[in-house]
Structure formats: C-alpha cells, structure tokens
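Quick notes on the structure that follows.
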DNA sequence: ATTTAATAGTGTAAAAAATACACATTATAT
DNA sequence: ATATAATGTGTATTTTTTACACTATTAAAT
C-alpha cells in the first residue's frame, strides 16, 4: 500500500471580525465538486505532524504553525474504497501572514477559499462534524489556551482581542467587563505603542506575556 | 497487511477513594515485561469503537461502556517494526460491575491489574503520556461531563461523589461548600433512600437527573 | 476653524459565586 | 449506656461577574 493514512487540517484565521476556515473545492472522487478540509496522505516515512505542516504550508506559505490534534476518524464507510483512517488537526494562523498567499490549484482541488465559520456549506466526508469539533474545542479551551493570540498579530488592541472572543464564543461581550477581566488575568502586557493608519482615535497595543501565561497554566 | 492499526484503552474505575487504571503486563516484544494500557489491533472489517469495546469487554466483562477518544499516536519510532498507528481511548467503568471479573491471560499479556493512578510505574511505549492526557481531560471536563457518574453506582452518596471530584482534581474539597455547589447545579436528584450495610449513620442517596444535565450542556 | 464620524477608554453599584470555618446528629456495634 | 464513625448543616467574608452610559481622541470632511 502506498498510502497509509491521511491527515486533514482545519485552518482557522480571523479577519474583519469573523472567524474563517480555509476549504478546498475537490476535483476528485469521491465528493468531487464538494468543499472539504485540506488534507492528504501521510507519506510512509513522514511524521504525522510533518504531513500536517506540509499541507498547511501548501495552503498558507507558513511553517511551524500552531496545531492541535482534534480526532481520529476511521469509519469503514467514510470512503467508497474502504476504511481510510484520517487524523484531523486544527491550525491557527494570522490573517496578515496569509492574505497574499496564492491559493493552490492541484489535480485534487480546484480552488481554496476562506469561509466564515457560520456560512460553511455541506462538506465532504464527515468534515462538518470535524469543524464542529474544532469550534467546540476552541470554545471550551478559550480561557486556558493561547489560541486567541495565535489569530492576532503580535501586537494587538483589546478590541481585536474582544472580537476574537466574541467570534469563538458566538456571543457579544460587554466592553468594560471584558477589559477588566483581561487585565485581571495578568498575562497581557500593556505597551506604550498605539495603532497606526486608522482614521479615528488610535487604540493602545498589547502583547501576550508568554512567561506569565505559562506560569499560570503548566 | 493483516493488521491496519491499533486501539489502546485507558480503563478507569473508582474504588476505596482512589482513581484506578487497569494495566496489562506484556508478554511480547517490544516492551516485554512492561506494564501497558490494554490495546490490540483493529480488525480490517471492524469499526474502531467496536474494537475498543471488544478490548474493554475482554478486560471487564462489560459492553457498551462510556468511551472518549483521547488521541492518535503515529510516531515513526514508536515501534521497532515501524510506524504503528494507535488511537487511544479512555473508558470509565463502575467498580461494582467489574470487581469479580477474572483477569484475562493471553499470549500477549501475563496479567492485568488495577493501579492507583498516582502509583503507575514507567509504562511501555508512550503510555505514560497518554495516561497524563486522560487525567488532564477528565480534570478539565469535570464540570461539563457525566464522567463522575460513570464511575459511581446509579445511586450514590454525596461523599462518594466528593471523593471522585477529589481524586480527579487531586485536591481535597470542603464538604459544606461541595454540597452547596452540587445542589446548585440542579441536576442531582435527592432520593428518599439511604445507604445500607454501613455500621454508622446511613447517608442519603442521590441520582443524576440526565434530562436536566443534557438541557444544560447541549 | 469647525463639524462630523468613528472608535477608544473609563467606574460604580448590585448580584452571584466561592471560600473559610466547627459542631450537633444519627446509626451501629460493643 | 457508651463508643465509634460518618452524616449533615449555616453564616459571614471575599471574590467574581454582571449591568449599564458617557467623555476623549483622532482624522477626515466641510
């Protein structure tokens, strides 16, 4: 057997107040013409995470991105050819880092496109389930993970951070309460720098203090 | 290839105030003589969860037990023969249901034994990591999952429930505060029944109200 | 120079949840 | 009757969460 198993990768980013996920339009049976998570076979001599990084690199031009394993799917009926074992991952990338990336076209896929996570069509295989899993995991771990900061530039405003919380939680938050809570966490560094290039009052920039974060959660 | 991939299963139970995990003493290379999680190959025509249930059944005599998928491990160097893809699960069983089960002996394993999760030796493969993962997941999801109730008989006392919380969290809790918190959750049914067979004041029994629980967490 | 538009940034009071803490009660065994 | 072993309960304090609205700042438009 040339190919042993596959990895699929939900690639999330954040842009214009929305959480987005990158999907491929398949050009191959089964599910030709359907949208699906990026994914491909893991080479025989390749580590699984390497394969995920390879796929993410082809789609984003980025290496060593933030990854979390979501689940292994092995249903006998997932694929008409028989069981194809797939390990699903979730990746988080900064929109600024990927916005100019040319979208890949291969034999296998016709195009790649960012979808608002709330406007995802019916996907190939069990990919809608996996998306749900990813969103649920993001939400559940929100307060213990650096996920929000993986979606933001290194220096960010509190409004941007709040928008990410809102997108992940699927609800709006009160500005004053959010800011109070964030500053009580103790792992945000307030910088003496401000936003530039906006036509209104520039907001203060913040950074994640990784040291303090790790101290709290390890 | 006769065997495609394996599943491993952490089987947890709760007994005498301790969280326990069932381990096998291996009788096969690699890691002969080491303790390891129960696990075995998934048959070609067998669903993955079926395989986990089969393994759990061999060890506990129970069918349709509570299962959660933990992780897929696929390192090229996990096994001297090359990559063996393994999907790790965690199962929760009631001690009353398994205490009389005869422990399996096969070609592959010499014996099975319950270990206090805090007294687990160095295990085969990456099984210590998987155990850590399982314990972490139990802890993190404690307040959103029925896990504690999967470890208890249908009718239980608040002291038993508290002991499970303490074992999972790894810390002691205040009795009065714990009871207050539990009754505020709203999904515990207070029964008009009491413990029997104890030589001291019998405690009131409680039940999980699954309907109310589901309403809160779905 | 003034106005407009857009977002940043801030405080307080009330409610809810978490914490700290100790003793009387009850059932059984002797 | 007494000893034993665990059950079951209340209150005060602190902390956290929630609800809520206006002024400040900047750049662009007039």
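Chains as they are written, first to last, in the numbering used here: chain A, 10 to 227; chain B, 10 to 227. Virtual Cβ for every residue (Gly too), placed ideally from N, Cα, C. All of these numbers come straight from a predicted model, not from anything done at the bench.
Environment of residue i [buried if 16+ CB atoms lie within 10 Å]
i: residue 143/B; result: buried
i: residue 159/A; result: buried
i: residue 16/A; result: buried
i: residue 133/A; result: buried
i: residue 126/B; result: buried
i: residue 21/A; result: buried
i: residue 33/A; result: buried
i: residue 185/B; result: exposed
i: residue 102/A; result: buried
i: residue 35/A; result: buried
i: residue 11/A; result: Any reading at residue 11/A must be qualified, since the residue scores a pLDDT of 40, below 50, and its modelled position is unreliable; the value itself is stated next. Answer is exposed; the Cβ neighbour count stays below 16.
i: residue 66/A; result: exposed
i: residue 227/B; result: exposed
i: residue 223/B; result: exposed
i: residue 107/A; result: buried
i: residue 178/A; result: exposed
i: residue 69/B; result: buried
Alpha helix (DSSP H) segment containing residue i, residue limits
i: residue 69/B; result: 57 to 69
i: residue 35/A; result: First-last for residue 35/A: 27 to 35, but that is the beta strand (DSSP E), not the alpha helix (DSSP H).
i: residue 224/A; result: 219 to 225
i: residue 40/A; result: Counting along the chain, residue 40/A falls outside any alpha helix (DSSP H), and DSSP gives it neither H nor E.
i: residue 106/B; result: 104 to 107
Boundaries of the beta strand (DSSP E) in which residue i is found, first to last residue
i: residue 125/A; result: 118 to 125
i: residue 82/A; result: 75 to 82
i: residue 94/A; result: Unbroken run through residue 94/A: none, as it is neither H nor E.
i: residue 14/B; result: 14 to 24
i: residue 50/B; result: 48 to 51
C-beta neighbour in chain B for residue i, strict 8 angstroms
i: residue 96/A; result: yes
i: residue 57/A; result: yes
i: residue 84/A; result: yes
i: residue 65/A; result: no
i: residue 80/A; result: yes
i: residue 14/A; result: yes
Residue i versus residue j: straight-line alpha-carbon distance, rounded
i: residue 196/B; j: residue 80/B; result: 30 angstroms
i: residue 26/B; j: residue 220/B; result: 28 angstroms
i: residue 56/B; j: residue 135/B; result: 24 angstroms
i: residue 1/B; j: residue 96/A; result: Missing from the structure shown is residue 1/B; chain B here goes from 10 to 227 and no further.
i: residue 218/A; j: residue 198/A; result: 6 angstroms
i: residue 40/A; j: residue 148/B; result: 39 angstroms
i: residue 131/B; j: residue 193/A; result: 40 angstroms
i: residue 180/B; j: residue 172/B; result: 10 angstroms
i: residue 204/B; j: residue 29/B; result: 23 angstroms
i: residue 92/B; j: residue 46/B; result: 18 angstroms
i: residue 165/A; j: residue 62/A; result: 26 angstroms
i: residue 169/B; j: residue 176/B; result: 11 angstroms
i: residue 76/B; j: residue 140/B; result: 14 angstroms
i: residue 191/A; j: residue 201/A; result: 18 angstroms
i: residue 5/A; j: residue 14/A; result: It is not possible to answer for residue 5/A, since the shown part of chain A is limited to 10 through 227.
i: residue 188/A; j: residue 109/B; result: 56 angstroms
i: residue 87/B; j: residue 122/B; result: 24 angstroms
i: residue 100/A; j: residue 42/A; result: 24 angstroms
i: residue 58/B; j: residue 94/B; result: 15 angstroms
i: residue 104/B; j: residue 138/A; result: 33 angstroms
i: residue 18/B; j: residue 214/A; result: 47 angstroms
i: residue 151/B; j: residue 183/A; result: 28 angstroms
i: residue 155/A; j: residue 146/A; result: 13 angstroms
i: residue 84/A; j: residue 98/A; result: 17 angstroms
i: residue 78/B; j: residue 78/A; result: 11 angstroms
i: residue 38/B; j: residue 50/B; result: 15 angstroms
i: residue 82/B; j: residue 64/A; result: 19 angstroms
i: residue 114/A; j: residue 162/A; result: 28 angstroms
Below-8 angstroms beta-carbon distance, residue i vs any chain A residue
i: residue 17/B; result: no
i: residue 50/B; result: no
i: residue 172/B; result: no
i: residue 225/B; result: no
i: residue 169/B; result: no
i: residue 54/B; result: yes
Residue i: CB within 7 angstroms of a non-hydrogen atom of the ligand GDP
i: residue 59/B; result: Looking at this structure, you won't find the ligand GDP or any other ligand, since it has none at all.
| task | May I have a chain-ordered list of the alpha helix (DSSP H) segments no shorter than 4 residues that lie completely inside the region 139 to 176 of chain B? | result | If only complete runs of 4 or more residues are kept, the region 139 to 176 of chain B shows the alpha helix (DSSP H) at 156 to 159, in order along the chain.
| field | Length-filtered (4 minimum) alpha helix (DSSP H) runs lying within the region 179 to 219 of chain A | value | As far as the region 179 to 219 of chain A is concerned, its whole alpha helix (DSSP H) runs of at least 4 residues are 184 to 194.
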